[in-house]
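Residue numbers (numbering that gives the first Met the number 0), protein chains in the order written: chain Y, 0 to 111; chain D, 0 to 111. Presented below is the structure to which this report refers.
There are 2 protein chains.
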Amino acid sequence: MFVKRYDEVEKEEVNEEGAKNVEIQWLIDEKVAPNFAMRRFTIKENGYTPLHKHDWEHEVFVLQGEGALVDGDGNEHPLKPGNFALVEPNEVHQFKNKGKEDFVFLCLIPLK
Amino acid sequence: MFVKRYDEVEKEEVNEEGAKNVEIQWLIDEKVAPNFAMRRFTIKENGYTPLHKHDWEHEVFVLQGEGALVDGDGNEHPLKPGNFALVEPNEVHQFKNKGKEDFVFLCLIPLK
């Protein structure tokens, strides 16, 4: 077992096309996780992740700030601390910061 | 996809032998999760989970309060908000509240 703090893990800029002002920290990554990975995302002011889809799910828990989860019809589902979300495989989705402060959430994905 | 708040999910008392003052909320459970489940635990003052082991991992993120993760040698690894932990399959472990307020954390497990 191990115990760490999120700020011990390096923030990497997300350079994927369609992403703006997004950083990722791989808290529990494929080097150590048996089945699924825990990532911490920070979306800064005016930032967003790509509007895209893929064949794996996201399990999300919001830690800080105000954001939205955009669906394939362009509807924005508000996200605040205490909200959690499931994005199913092959669903179009995007995460956006809707406030002034950093929008921070955990996003877990399967490895297999 | 769906978005919910943790307080929309019923708290269930953990009645497992060796548990005291522990509640669980199944935020994303096996009815909807493709691969892994998200649970939110609340351990009240003087509470703890069973000291036990099993053949699946825990991925943990602390949300509130002060606690400890006890290992098989009886060592207590402190846990506060911002800490995360991996308990590997077959490792002996226990979660304890070490403070006055509720100790709250997410604990994710594989379904398969």
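Cβ coordinates follow ideal geometry from the N, Cα and C atoms, glycine included.
How would you list, in chain order, the residues of chain D whose beta-carbon sits under 8 Å from the beta-carbon of Val2 (chain Y)?
Listed along chain D are Leu68, His76, Pro77, Leu78, Asn82, Phe83, Ala84, each with a C-beta nearer than 8 Å to that of Val2 (chain Y).
Using CA atoms only, rank isn't needed, just tell me which of Y:Leu50, Y:Ile23, Y:Leu105 is closest to Pro80 (chain Y).
Distance check between Pro80 (chain Y) and each of Y:Leu50, Y:Ile23, Y:Leu105 places Y:Leu105 closest, using alpha-carbon atoms only.
Determine the extent of the beta strand (DSSP E) in which Met37 (chain D) is found, giving its start and end residues.
Where Met37 (chain D) is concerned, the enclosing beta strand (DSSP E) stretches over 35-47.
Please tell me whether Glu90 (chain D) and Asn34 (chain Y) are closer than 8 Å, where the distance is taken between their beta carbons.
Judged by their CB atoms, Glu90 (chain D) and Asn34 (chain Y) are not nearer to each other than the 8 Å cut-off.
Rounded to whole angstroms, what's the CA-CA distance from Trp25 (chain D) to Tyr5 (chain D)? Just pull it up for me.
The alpha-carbon separation between Trp25 (chain D) and Tyr5 (chain D) amounts to approximately 9 Å.
Indicate whether at least one CB of chain Y lies closer than 8 Å to the CB of Asn89 (chain D).
No, Asn89 (chain D) lies away from the interface with chain Y (no Cβ there is under 8 Å from its Cβ).
Per DSSP, the bridge partner or partners of Asp70 (chain D)
BP columns for Asp70 (chain D) point to D:His92.
With H, G and I counted as helix, E and B as strand and the rest as coil, what does DSSP make of Glu12 (chain D)?
Here Glu12 (chain D) sits in strand by DSSP.
List, in chain order, every chain Y residue whose beta-carbon is nearer than 7 Å to that of Leu26 (chain D).
Simply Phe83.
Span of the beta strand (DSSP E) holding Leu62 (chain D)?
Run containing Leu62 (chain D): 57-63, per the beta strand (DSSP E) assignment.
Can you confirm whether Phe60 (chain Y), when its beta carbon is compared against all beta carbons of chain D, has any partner nearer than 8 Å?
Yes, its Cβ sits closer than 8 Å to a Cβ of chain D.
At the 8 Å Cβ level, is Glu56 (chain D) part of the contact set with chain Y, yes or no?
Chain Y has a Cβ within less than 8 Å of the Cβ of Glu56 (chain D).
Proximity winner among D:Leu68, D:Asp70, D:Phe102, relative to Glu44 (chain D) (alpha-carbon distances):
For the set D:Leu68, D:Asp70, D:Phe102, the Cα lying nearest the Cα of Glu44 (chain D) is the one of D:Phe102.
Specify, as a first and last residue, the run of the beta strand (DSSP E) that Glu87 (chain Y) falls within.
Annotation for Glu87 (chain Y): no beta strand (DSSP E) segment contains it, and DSSP assigns it neither H nor E.
Min CB distance Tyr5 (chain D) to chain Y below 8 Å
Tyr5 (chain D) counts as touching chain Y.
Closer than 8 Å, CB to CB, is Ala18 (chain D) near chain Y or not?
For Ala18 (chain D), no CB of chain Y lies under 8 Å from its own CB, so it is not counted at the interface with that chain.
Below 9 Å on C-beta distance, what does Leu107 (chain Y) contact in chain D?
Simply Phe35, Met37, Glu58, Leu107.
What residues from chain D crowd round Val31 (chain Y), counting only those whose CB sits closer than 9 Å?
Annotation: Cβ neighbours of Val31 (chain Y) in chain D (cutoff 9 Å, chain order): Leu85, Glu87.
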